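Participant:
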Amino acid sequence: DPKIIQKPKYLVAVTGSEKILICEQYLGHNAMYWYRQSAKKPLEFMFSYSYQKLMDNQTASSRFQPQSSKKNHLDLQITALKPDDSATYFCASSQDNWGYEQYFGPGTRLTVL
Amino acid sequence: AQKVIQVWSTASRQEGEELTLDCSYETSQVLYHLFWYKHLLSGEMVFLIRQMSSSTAKERSGRYSVVFQKSLKSISLVISALQPDDSGKYFCALWELGIGGIPRTQVVGQLTFGSGTRLQVYA
């Protein structure tokens, strides 16, 4: 069974719309993260949560809002979508945020038209 | 400037050979960890091995091992007895304690990734 679930796998949206990317982990981890991989760029860190508290936000835009309703959930709400937001978004988790290896979900590939 | 550099964007080998993938990094922190991940065609990102800056042990996990040259700020992933299933994209990543040794409560767990090396193993 998959340990980190991301939904949906593929997502197509129109410019200006709003979408929510879902992430659930069943590893019993206390820290969760979002990363983004745009075309021809390395994975970029976006957010870090530990025990459902935001630890760091490296995303310049407030259009990206993480939401943690449960300890093992960290969803990503994106508003006013732009074509530049097109990327694969990866959710990850680790035992805590103290240097443990992070385990990644399969990603959600978002295309904004 | 890039913090984690993987010079080779592609590599190819025959089945059974050994491969070394290089990664260099920049950090001013005393404590940091380095990770290797494999990105599968399915999209899954798989953790392979971790090297702690404080460790002098030669880390190994199955057919994966690392060569850590701390003074050169270099870490290489060695894959022995290559198999076609080893094909994929390999990423090096850096975790740093923080900035200027700030307290643990402000550690955020961010990984900084290199741009990856795509490996093709031929049968």
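Residue numbers (the numbering used here), protein chains in the order written: chain E, 1 to 113; chain G, 1 to 123.
In this text, a Cβ means the ideal position worked out from N, Cα and C, and glycines have one as well.
Here the structure is a predicted model, which means the values were calculated and not measured.
Mind listing which residues of the stretch 71-104 of chain E have their C-beta closer than 9 Å to chain G's C-betas, in chain order?
Facilitator: Correct list: 88, 90, 92, 94, 96, 97, 98, 99, 100, 101, 102, 103, 104.
Participant: Please classify residue 53 of chain E: does DSSP put it in a helix, a strand, or coil?
Facilitator: Three-state DSSP puts residue 53 of chain E in a strand.
Participant: Taking residue 95 of chain G as the query, report the chain E residues whose CB atoms sit under 7 Å from its CB, ordered along the chain.
Facilitator: Correct list: 99.
Participant: Looking only at DSSP bridge pairs, what is residue 96 of chain G linked to?
Facilitator: Residue 96 of chain G is bridged to G:32.
Participant: Taking 9 Å as the cut-off, decide whether the C-beta atoms of residue 67 of chain E and residue 56 of chain E are in contact.
Facilitator: For residue 67 of chain E and residue 56 of chain E, no; Cβs fall outside 9 Å.
Participant: Closest to residue 16 of chain E by CA distance: which of E:82, E:95, E:102 is it?
Facilitator: Among E:82, E:95, E:102, the Cα nearest to that of residue 16 of chain E is on E:82.
Participant: Label residue 85 of chain E either buried or exposed according to how many other C-beta atoms from any shown protein chain fall within 10 Å of its C-beta, with 16 as the threshold for buried.
Facilitator: Flag for residue 85 of chain E reads buried.
Participant: Is the Cβ of residue 13 of chain E closer than 9 Å to any Cβ of chain G?
Facilitator: Judged by the 9 Å Cβ criterion, residue 13 of chain E is not in contact with chain G.
Participant: How many Å lie between residue 57 of chain G and residue 19 of chain E at the Cα?
Facilitator: Roughly 46 Å separates the two Cα atoms.
Participant: Closer than 9 Å, CB to CB, is residue 113 of chain G near chain E or not?
Facilitator: Judged by the 9 Å Cβ criterion, residue 113 of chain G is in contact with chain E.
Participant: Please decide whether residue 118 of chain G counts as near chain E, where near means a Cβ-Cβ distance under 9 Å.
Facilitator: Not closer than 9 Å to any Cβ of chain E, the Cβ of residue 118 of chain G fails to qualify, so no.
Participant: For a quick check, are the C-beta atoms of residue 90 of chain G and residue 39 of chain G less than 9 Å apart?
Facilitator: Taking 9 Å as the Cβ cut-off, residue 90 of chain G and residue 39 of chain G qualify as a contacting pair.
Participant: Does the pairing of the stretch 93-107 of chain E with the stretch 5-20 of chain G give three or more beta-carbon distances under 8 Å?
Facilitator: Touching, no.
Participant: To the nearest angstrom, report how far apart residue 64 of chain G and residue 14 of chain E are at their CA atoms.
Facilitator: Near 43 Å, if we compare the C-alpha coordinates of residue 14 of chain E and residue 64 of chain G.
Participant: So is residue 64 of chain G in contact with chain E if we call contact Cβ pairs under 9 Å?
Facilitator: No, its Cβ sits nowhere closer than 9 Å to a Cβ of chain E.
Participant: Apart from the five residues just before and just after residue 72 of chain E, which ones in its own chain have a Cβ nearer than 7 Å to its Cβ?
Facilitator: For residue 72 of chain E, where only same-chain residues beyond five positions count, the Cβ hits under 7 Å are 24, 25, 26.
Participant: If you reduce the DSSP assignment to three classes, tell me which class residue 82 of chain G lands in.
Facilitator: In the structure shown, residue 82 of chain G sits in coil (DSSP, three-state: anything other than H, G, I, E or B).
Participant: Can you list, in chain order, the residues of its chain whose CB lies under 6 Å from that of residue 76 of chain G, leaving out five sequence neighbours each side?
Facilitator: Excluding sequence neighbours, residue 76 of chain G sits near 20, 22, 67.
Participant: Which word fits residue 4 of chain G, buried or exposed, when buried means at least 16 other C-beta atoms lie within 10 angstroms of its C-beta?
Facilitator: It is buried - the Cβ of residue 4 of chain G has at least 16 other Cβ atoms within 10 Å.
Participant: Hey, residue 11 of chain E and residue 110 of chain E are a contact pair by Cβ (cut 8 Å); roughly how many whole angstroms apart?
Facilitator: With 8 Å as the limit, residue 11 of chain E and residue 110 of chain E qualify as a contact, their Cβ atoms being about 5 Å apart.
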